[in-house]
Structures are given as structure tokens and as C-alpha cells.
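Trainee: Sending over a structure as C-alpha cells; questions will come in a sec.
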């Protein structure tokens, strides 16, 4: 397959770019939004501080498991199918995280959510790269980088607002409409 055969043009490329950036942003925001909700989770789930720390650790472990395998999996199943499956996994487990009844359910659901989320980050960057001709890829990656850099800054204040005004499960439920 020629390199140019994957290049998209016009409105379709814009939609692909926005979708890829939003999915990457979704993953990055979700990795930091939980930080401010740990005390609420601890109290509501009857967990200790060390147990509630596993909520963050499990997500990171899920990312670490899937990121090295993403290239191979996307080749096996097709990039679009793999990307769609990752979005579905991330969204379903976001819902389940919000519905967790105890800390260990939440930890398991976060692990699975991290598996879906880690694939989103890597695959979205690959999709951006493939959608642009070689001479415009550096610009595309810069746009992607600007979109992605917002995530770590947006997560904690958004999480704080949600926890203060609603409840900790809603930090997971906000992923559902976007997913």
C-alpha cells in the first residue's frame, strides 16, 4: 500500500483530526481527573488511603500493558476497528467505574479503562500522522500536541468542580457522552 493512499483531504481530514485530538484528550483528562476525587472515593467506598491509591495505579498499569501492543493489535484488526474498540472499552468501563460498589471493583474497572485509554492515545497520534501528507505532518503533530497538552491542565480543576458540585462517580460519567 502506498503512503499516499492513507492521506485524507478537506473536511474529512478535519473531522479525523478533531476526533483523534478529542479521544487523546479524553484519555489524558481521565488520567488526572481522579486525583482530586480520591478522598471522596475513600470515604464513600470505605477504603484506606493505600487502597484508594490503586485507582490511579491500576489505570497506569492498564496503559503500560496496552501501549507496547498497540501497533501490533492495530495491524491485526485494522486501525479503525481497533480505535473504535478502544473507544468502546474506555466508555463502557468509564460507566462501570462510576457504578463500582467497592474499591476493588473500581480498581479492576480502572485497569480495564486504562487498557482502552492507552490505546486511544497511541492510535490517535498514528491516525493524525497517516491522515496528512508528509510535508504537513509536522504541522499536524503540533496541532495534536496543542490539543493534548490541555488534558493535564484541565483534569484536576474539572474533577474538583465535579466532586464539589456533584459526586465522584460523575468524573467517570462525563466520558460517556464523548465516548
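Residue numbers (this note's numbering): 13 to 191.
No residue lacks a Cβ here, since even glycine has one placed at the ideal position from N, Cα and C.
Bear in mind that the values here come from a model prediction, so they are computed numbers and not experimental data.
What is the C-beta distance between residue 34 and residue 190, in whole angstroms, given that I count them as a contact (C-beta under 8 Å)?
Mentor: At roughly 7 Å, the Cβ-Cβ gap stays under 8 Å, so residue 34 and residue 190 are in contact.
Trainee: Would you kindly check if the distance between the Cβ of residue 29 and the Cβ of residue 155 is under 8 Å?
Mentor: Yes, these two residues count as a Cβ contact at 8 Å.
Trainee: Ignore the nearest five residues each way along the sequence and tell me which others in residue 82's own chain have a CB closer than 7 Å to its CB.
Mentor: For residue 82, where only same-chain residues beyond five positions count, the Cβ hits under 7 Å are 131, 134, 135.
Trainee: For residue 178, tell me which candidate among 69, 25, 49, 104 has the shortest Cα-Cα distance.
Mentor: Cα-wise, what sits closest to residue 178 is 49.
Trainee: Report yes or no: do three or more beta-carbon pairs, one from the stretch 167-182 and one from the stretch 91-102, lie closer than 8 Å?
Mentor: Contact between the stretch 167-182 and the stretch 91-102 is absent, because fewer than three Cβ pairs lie under 8 Å.
Trainee: Looking at the structure shown, is residue 116 part of a helix, part of a strand, or coil, going by DSSP?
Mentor: Reduced to three states, the DSSP call for residue 116 is helix.
Trainee: Does the stretch 102-112 come close enough to the stretch 158-166 to have 3 or more Cβ pairs within less than 8 Å?
Mentor: Taking 8 Å as the limit for Cβ pairs, the verdict is that the stretch 158-166 does not touch the stretch 102-112.
Trainee: Could you check what DSSP says for residue 13 in three-state terms: helix, strand or coil?
Mentor: Because residue 13 sits at a pLDDT of 44, beneath the cut-off of 50, its placement in the model cannot be relied upon, and the following sentence gives the value as read from the coordinates. Looking at residue 13 - three-state DSSP - the assignment turns out to be coil, as it is neither helix nor strand.
Trainee: What span of residues does the alpha helix (DSSP H) with residue 75 cover, start to end?
Mentor: From DSSP, the alpha helix (DSSP H) with residue 75 extends over 61-78.
Trainee: If the criterion is Cβ atoms closer than 8 Å, does the pair residue 184 and residue 110 meet it?
Mentor: It is a contact, given that the beta carbons lie within the stated cut-off.
Trainee: If you compare alpha carbons, which of 148, 40, 115 is closest to residue 57?
Mentor: That would be 115, whose Cα lies nearest to the Cα of residue 57.
Trainee: With 16 other CB atoms within 10 Å as the buried threshold, where does residue 87 fall?
Mentor: Exposed, because fewer than 16 other Cβ atoms sit within 10 Å of the Cβ of residue 87.
Trainee: Assign residue 61 to one of two classes, buried (16 or more other C-beta atoms within 10 Å of its C-beta) or exposed (fewer than that).
Mentor: Answer is exposed; the Cβ neighbour count stays below 16.
Trainee: Check this for me: beta carbons of residue 73 and residue 170, under 8 Å apart or not?
Mentor: Not a contact, by the Cβ cut-off of 8 Å.
Trainee: Tell me whether residue 84 sits in a helix, a strand or coil according to DSSP, three-state version.
Mentor: Here residue 84 sits in helix by DSSP.
Trainee: Near residue 1, what residues of its chain come up, given a Cβ to Cβ distance below 8 Å and the 5 sequence neighbours on each side ignored?
Mentor: The first residue shown for the chain is 13 and the last is 191, placing residue 1 beyond what the model contains.
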